[in-house]
Amino acid sequence: MTKVNFYEQLEWSNWKLLQDQEKKMILQQVLMYFVNPLLEISDIRLQDFELAGIKCRTFSLEIAGERYILIPGQQQTILGWDLGTEGLRPHEVLDLPKDSADFFQLSALGESFLSRYPEEEDQYDWQTISGVSQYINDYTTQLRQVDIPPMLVAQYAIPGSCQYLGRFDTVTGNFTGAVDVYAPLEETIKQAVFPNLSPAESLSWEYPRQLLLETAYLETIPETDAYYVFGYQPETHAELQKRLAKKGFDLLTEDEWEFAAGAGTRRLFRWGNELDFSASPERKQLAGKANMFGLHFATDLARYEVTDNPAHLKMGPASPKAPLIKQRLPLSTYYQSFSRLAETALDPTKHLVRKAIRIEP
Numbered sequence: 001m002t003k004v005n006f007y008e009q010l011e012w013s014n015w016k017l018l019q020d021q022e023k024k025m026i027l028q029q030v031l032m033y034f035v036n037p038l039l040e041i042s043d044i045r046l047q048d049f050e051l052a053g054i055k056c057r058t059f060s061l062e063i064a065g066e067r068y069i070l071i072p073g074q075q076q077t078i079l080g081w082d083l084g085t086e087g088l089r090p091h092e093v094l095d096l097p098k099d100s101a102d103f104f105q106l107s108a109l110g111e112s113f114l115s116r117y118p119e120e121e122d123q124y125d126w127q128t129i130s131g132v133s134q135y136i137n138d139y140t141t142q143l144r145q146v147d148i149p150p151m152l153v154a155q156y157a158i159p160g161s162c163q164y165l166g167r168f169d170t171v172t173g174n175f176t177g178a179v180d181v182y183a184p185l186e187e188t189i190k191q192a193v194f195p196n197l198s199p200a201e202s203l204s205w206e207y208p209r210q211l212l213l214e215t216a217y218l219e220t221i222p223e224t225d226a227y228y229v230f231g232y233q234p235e236t237h238a239e240l241q242k243r244l245a246k247k248g249f250d251l252l253t254e255d256e257w258e259f260a261a262g263a264g265t266r267r268l269f270r271w272g273n274e275l276d277f278s279a280s281p282e283r284k285q286l287a288g289k290a291n292m293f294g295l296h297f298a299t300d301l302a303r304y305e306v307t308d309n310p311a312h313l314k315m316g317p318a319s320p321k322a323p324l325i326k327q328r329l330p331l332s333t334y335y336q337s338f339s340r341l342a343e344t345a346l347d348p349t350k351h352l353v354r355k356a357i358r359i360e361p
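FYI, full-length UniProt numbering numbers position 63 of the sequence shown as 63, with every residue one higher than the one before it.
Below you can see the structure in the form of structure tokens.
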């Protein structure tokens with residue numbers, strides 16, 4: 001297998017045509033030449049991923065205890081957005097009942113509706129399709145054509161200034177993961193999770209969703225009685241990049257992030273065009289499920305995902321009182337917040353980090 005052949009076969013158009021055995025041979029080369037040999041590799045799986053009709057059969061594997069996905073590259077990928085509300089349902093764009101009188105006729109003309117957000121103070125007209133289109137175009141990245149290399153990308157982003165250690169079960173009090181690193185933190189963590197409470201206090205006690213301690217950070221695992229446990233050591237964006245580079249990792253560029261999130265599809269959101277999650281439970285589940293590469297993205301609108309550039313933050317917080325499109329747009333593949341990282345430590349309650357390994361000459 002020549003080097004040219006190797007990289008060509010990792011292009012998505014070629015990758016999808018390969019037999020499983022051929023893919024396994026290529027993965028062996030990837031692990032041999034691009035992953036730090038000191039890092040433990042385990043639990044390699046060949047899996048099928050799908051979202052919104054886009055499919056990819058590729059590998060997931062654990063590297064140093066965290067799961068990564070092999071994402072094939074793509075040349076001349078179109079990223080960014082300049083289509084405004086195209087593809088979105090007009091009544092969801094304006095956050096109105098679907099059966100509003102003369103709705104479709106009026107919306108087609110760009111006429112105003114009574115605003116449900118009279119105090120929303122900015123330069124956009126939330127009552128018209130044209131006004132919302134302008135907002136979407138302003139807060140999404142420019143349309144562009146780029147080449148994306150194949151990559152190993154972390155399936156989950158982890159909180160900033162943190163390193164994943166394992167899981168802590170609040171029912172049994174047991175920890176599974178990097179036991180040697182967890183051991184010195186165990187007493188402090190258990191005191192925080194199981195505080196001494198009076199009988200009256202215990203009646204209203206609820207486990208906190210997040211716990212930031214001096215050297216540890218805990219976050220509840222949805223729909224379980226457990227926490228993710230992270231070692232916590234404050235670090236800036238620059239310090240993070242240096243630490244990752246020592247082990248052969250990097251942060252995604254904005255282009256790479258957008259491709260990893262949406263696969264270059266001409267949709268505003270990775271799951272399609274739905275804005276109103278209250279319409280059915282399936283819609284909300286669709287937004288929260290793994291994407292076409294098996295990657296998971298936070299949908300709680302609480303934190304930014306950082307990239308290799310402090311000026312390019314993806315996703316981000318949104319007010320539940322804002323117009324519906326303003327609540328949802330931070331979940332868009334192409335959203336740009338214009339926020340910039342300060343030269344201070346990454347905050348695990350405000351920032352998420354997704355590690356990657358590029359596969360390129």
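A virtual CB, placed ideally from N, CA and C, is assigned to each residue, including glycine.
Beta strand (DSSP E) runs wholly inside the UniProt domain "DUF7278" (163-230), at least 3 long, in chain order: 175-177, 210-212, 216-220
Member of Pro-195, Tyr-7, Pro-234 whose CA lies at the smallest distance from the CA of Pro-208: Against the sequence shown, residue 208 aligns to sequence position 208. With distances taken between Cα atoms, Pro-208 lies closest to Pro-195.
Those residues which DSSP pairs with Thr-140 across a bridge: Here the question's residue 140 lines up with position 140 in the sequence shown. For Thr-140, which the question treats as bridged, DSSP gives the partners Tyr-335.
Alpha helix (DSSP H) runs contained entirely in the stretch 229-253, provided each spans 4 or more residues: 237-246
Whole-angstrom distance between Tyr-164 and Lys-321, CA atom to CA atom: Here residue 321 corresponds to residue number 321 of the sequence shown, with the count starting at 1. Here residue 164 corresponds to residue number 164 of the sequence shown, with the count starting at 1. So the alpha carbons of these two residues sit roughly 34 Å apart.
Where His-91 sits in the DSSP three-state scheme: Locating residue 91 in the sequence shown gives position 91, counting from the first residue. Correct three-state label for His-91: helix.
Rounded C-alpha distance that separates Asn-5 from Val-181: In the sequence shown, residue 5 corresponds to position 5, counting from 1. In the sequence shown, residue 181 corresponds to position 181, counting from 1. Taking the straight line joining both Cα atoms gives about 42 Å.
C-beta atoms of Thr-141 and Glu-8 nearer than 8 Å: Residue mapping note: residue 141 aligns to position 141 of the sequence shown, counting from 1. Residue mapping note: residue 8 aligns to position 8 of the sequence shown, counting from 1. Going by C-beta atoms, Thr-141 is not nearer than 8 Å to Glu-8.
Residues bridged to Phe-269 (per DSSP): As a first step, residue 269 must be located in the sequence shown, where it is residue number 269. Partner(s): Gly-272.
N-terminal and C-terminal residue of the beta strand (DSSP E) that Ser-42 is part of: Counting from 1 along the sequence shown, the entry for residue 42 is found at position 42. Segment 41-51, the beta strand (DSSP E) holding Ser-42.
Sub-8 Å separation of Asp-95 and Leu-331 beta-carbons: As a working mapping, residue 95 is identified with position 95 in the sequence shown. As a working mapping, residue 331 is identified with position 331 in the sequence shown. It is not a contact, given that the beta carbons lie outside the stated cut-off.
Exposed unless 16 or more other CB atoms sit within 10 angstroms - verdict on Arg-328: As a working note, residue 328 is residue 328 in the sequence shown. Buried.
Pairwise C-alpha distance: Ile-158 and Val-353: Walking along the sequence shown from the start, residue 353 turns up at place 353. Walking along the sequence shown from the start, residue 158 turns up at place 158. Their backbone Cα atoms lie some 5 Å apart in a straight line.
DSSP-derived helix/strand/coil call for Ala-154: Position 154 of the sequence shown, counted from the first residue, corresponds to residue 154. Note: Ala-154 maps to strand in three-state DSSP.
Which listed residue (Asn-309, Leu-197, Gly-65, Ala-238) has its alpha carbon closest to that of Ala-178: In the sequence shown, counting from the first residue as 1, residue 178 sits at position 178. Checking every option, the nearest Cα to that of Ala-178 belongs to Gly-65.
Beta-carbon proximity of Val-146 to Ile-189, cut-off 8 Å: One-based indexing of the sequence shown puts residue 146 at position 146. One-based indexing of the sequence shown puts residue 189 at position 189. No, the pair does not count as a contact, with Cβ atoms beyond the cut-off.
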